[in-house]
Amino acid sequence: MKKTTVAIIGMGPRGLSILERICAQHAQRKQNEHINIVIVDKNAMGVGAHSLSQPDHLLVNTVACQITLFGDATVKNAGSFRSGPCFHQWANEQGYKNVDGRYLKDVAGKPIDANDYLPRRLLGEYLNWFYHEIIKSLPDNISVTQINQQANNILIQDDAKSIIVLEDSQRVVADYVYLTTGHSDNAKTFDDHLVERFIANNYKKNERLDYYSTPYPINNLNKITAESNVIVQGIGLTAYDVISQLTIGRGGKFSREEGELRYHPSGKEPGIFIYSRKALPFSSRGANQKGVSGQYSPRFLTAMAIRELRLKNVFEKGSSKIDFLEQVFPLLHKEMCYAYRSTLNGQWLDAGSYEPSAEDIAVIDSVLYPHQSQEHLSLKDYTQWFMYFLRKDLQESEEGNVHGPIKAATDIIRDVRDILREAIDNSGLESRSHQYFLEHFNPIFNRIAVGPPKLRNEQLLALMEANVVSLAGGKDSRLVLNDCEGKFEVHSPFKEESTEIQADVLIKAKIASFSPLHDASPLIRNMTANGIVRPFMNEGYHPGGLDIDQCQHPINRMGEAQTAFWVLGNPAEGANFYTYVLPRPLVNSRFLVDAGRCVADMYHQMMVRQAQPEVAINAD
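So for the sequence shown, the numbering used here puts the first residue at -7; every next one is plus one.
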């Protein structure tokens, strides 16, 4: 029996999807070939960034019923799927209960609801369980070899086979390779070095000086003393993790009194100051009223509309590329206005005749640009407005993502993500438009549509009311390194005053985007240096990620596709858009479609190879 070696580099969620599709399609195709799948990953199998050891107060920001690893009949062109539990069903099957915010098995406690936001630790367990389920039911002619190391390099031979060089210098030869490494760390930036030098020069003045270029693993923050003041750079999802670890993680408690959340400090919390460029919190998720698979059906921003824009541009400009601001955003804006007005009126308006009113436009613009026409006298004034903003968001979240007009409008961005991908993927946008989208629009979309559970903003408001968390500044604040006093400072201008907030510790609460130009891993550095891969470029703009073709094959330095090699997930974030989300049941998940498509490509190559006759060469 012929043997084939398939290597999967990285066994997080994306690697899991490839492993599962190989096994499923192997059985479906009744392959006569033995496949040895070599998995290279230092972490627990399947978990990726969802560590099994993280505390339960770190939550997933998607409701449990909308996360799965199992496909279904809606997933097209990916092969057949076996049924299995979504995250919510699995947690109940495992016997988990909510006991005062901790999730324990086989104890008395609160049952887990479909719309609960569960700990990321539990998601890691679900992913790991799924891996072992696959392993338990491997087809007879598939074997799996686990290598608990990192790969340091990949070399491609003249016969297209890949040599994977491990950290202990051992080598694995593979016929096919899938790169699914997920999130990674970037090399230190100039600013990182600047801050580290500042700490080294001023440590004697201030022994509490410290800097975290990433807060993960989150337990690293336990070294920060209660006497320290901490500046958290960012007010997004990562910042919520940091705040949670510095409060709940230190023994602080929340209680609900007359419907309002109250915080009871443990006394071990440091002083916490938060700021960001826009100085706005992420909007919380609206109460889920869409069930498992409910999605808004767009009227204006449709796949057909994107195709028509491309045709129009070909005729008028000689290029199919789209301008996001001029051509796509007006359709999305109208879609949000339409959903807002229809929800407010309690019935869907006629889309053919609908034109946004001045009021509709003003409401949606206020959601997109909350600072518009805002002017604040002082940090105290801005703080009051910020807390009002939180209270208003909590009310809108309570109204839900179907019956609440604001959350119904913002949730559209999640529901039309595949259409946005159709516009953006594979250099679909003009180069300058691509850059403007990622730097201007995408942060807005993330802030209003993919925020934290409502509980997180309730907690933030309670922490601010308890004076445990404060704003370090308003919009357009800047970080200053004060060498005279050995302090980090945030300087912020307001109409009637300028403020300076001092602190001992700086935490960068932002997830670094992937780029082969900045990635810290030896694997990516070596592959890039050797020309096996190259950065993705949309003309002169590098949004991040590796260059790939539409079949997910990486492009080498010479512009050639490596056809026995596939790149999925975070390393492809650049040529692909928004690769981070896990599959959702019953919505033809792009995550599963991509995995099925790449594995089908591999099996097609195997079939072609098997059909080629062997040539015998007689030696003299």
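Each residue gets a CB set at the ideal place from its N, CA and C atoms; glycine is no exception.
Keep in mind the model is a prediction, meaning the values are calculated, not measured.
Whole-number beta carbon distance between residue j and residue i, since they are thought to touch under 8 Å
i: G588; j: N69; result: 7 Å
i: L453; j: K313; result: That pair is no contact at about 44 Å.
i: A401; j: Y332; result: 4 Å
i: D511; j: S176; result: 6 Å
i: G243; j: K260; result: 6 Å
i: N214; j: G263; result: About 16 Å separates the two Cβ atoms, so there is no contact after all.
i: S658; j: D315; result: The displayed coordinates of the chain run from -7 to 612. Any statement about residue 658 would go beyond what the structure contains.
i: P290; j: E327; result: 6 Å
Nearest-angstrom Cα separation, counted from residue j out to residue i
i: S75; j: D167; result: 30 Å
i: A521; j: N212; result: 33 Å
i: L293; j: L272; result: 27 Å
i: Y123; j: P397; result: 40 Å
i: L341; j: Y330; result: 8 Å
i: F433; j: L96; result: 40 Å
i: G71; j: R13; result: 8 Å
i: N438; j: F429; result: 12 Å
i: N194; j: D202; result: 10 Å
i: K506; j: Q58; result: Note that residue 506 is Phe in the sequence shown here, rather than Lys. Looking at the two C-alpha atoms, the distance is approximately 26 Å.
i: Q20; j: F182; result: 52 Å
i: N610; j: A415; result: Low local confidence applies: a pLDDT of 48 at N610 is under 50, so the model's placement there is unreliable, and no value is given.
i: I223; j: D184; result: 15 Å
i: M379; j: Q366; result: 15 Å
i: E125; j: I298; result: 40 Å
i: V585; j: N548; result: 25 Å
i: S345; j: E388; result: 28 Å
i: L336; j: K502; result: 35 Å
i: T54; j: Q162; result: 40 Å
i: F73; j: H325; result: 37 Å
i: Q602; j: C78; result: 38 Å
i: T137; j: I127; result: 11 Å
i: G7; j: D33; result: 10 Å
i: K633; j: F557; result: Nothing about residue 633 can be read from this structure; the chain reaches only from -7 to 612.
i: G283; j: D105; result: 12 Å
i: K304; j: L412; result: 18 Å
i: V573; j: A65; result: 20 Å
i: S275; j: I227; result: 11 Å
i: M550; j: D150; result: 15 Å
i: E252; j: T375; result: 19 Å
i: Q554; j: E391; result: 50 Å
i: S423; j: N580; result: 29 Å
i: A192; j: R470; result: 22 Å
i: V320; j: K399; result: 21 Å
Beta-carbon gap between residue i and residue j smaller than 8 Å
i: P131; j: H18; result: yes
i: M519; j: N145; result: yes
i: P575; j: F583; result: yes
i: Q364; j: D373; result: no
i: A464; j: I266; result: yes
i: P508; j: P527; result: yes
i: V39; j: L119; result: yes
i: P577; j: S285; result: yes
i: S43; j: P209; result: yes
i: D410; j: Y288; result: no
i: M598; j: T(-4); result: yes
i: G116; j: D98; result: no
i: L29; j: I134; result: The question names Leu, but residue 29 is Ile in the sequence shown. Cβ distance < 8 Å, so I29 and I134 count as in contact.
i: A41; j: G174; result: yes
i: I436; j: L360; result: yes
i: S370; j: E489; result: yes
i: N449; j: Q281; result: no
Which listed residue (the options) has its alpha carbon closest to that of residue i
i: G310; options: E318, L301, L317, F316; result: L301
i: E199; options: A106, G478, S484, V55; result: G478
i: N474; options: V32, S365, F190; result: F190
i: A218; options: V460, S247, R549; result: V460
i: A16; options: A592, H596, A603; result: A592
i: L386; options: N305, K446, M594; result: K446
i: Q142; options: K245, I31, S581, I134; result: I31
i: E457; options: E327, S370, R254, G466; result: R254
i: A83; options: A295, A65, T60, F73; result: T60
i: Q544; options: C590, F480, R383, E117; result: C590
i: V234; options: L171, P207, E249, T375; result: P207
i: A441; options: D403, D417, W377, A343; result: D403
i: H395; options: K196, L382, S334, Q494; result: S334
i: R277; options: R291, E25, V165, K384; result: K384
heavy atom of the ligand ZN below 7 Å from residue i C-beta
i: A218; result: Because no ligand of any kind appears in the structure shown, any question about the ligand ZN cannot be addressed here.
Exercise for the section: Evaluate the contact criterion for the stretch -2 to 11 versus the stretch 150 to 165: three or more CB pairs, one atom per stretch, below 8 Å. Expected result: In short, these stretches touch, since the Cβ pair count reaches three.
Practice task
Indicate whether the contact test is met: 3 or more Cβ pairs, each with one atom in the stretch 483 to 495 and one in the stretch 85 to 93, closer than 8 Å.
Solution key: Judged by Cβ distances under 8 Å, the stretch 483 to 495 makes no contact with the stretch 85 to 93, as fewer than three pairs qualify.
Handout entry: Inter-stretch contact (C-beta, 8 Å, three-pair minimum) for the stretch 41 to 55 and the stretch 106 to 126
Key = Yes, the stretch 41 to 55 is in contact with the stretch 106 to 126.
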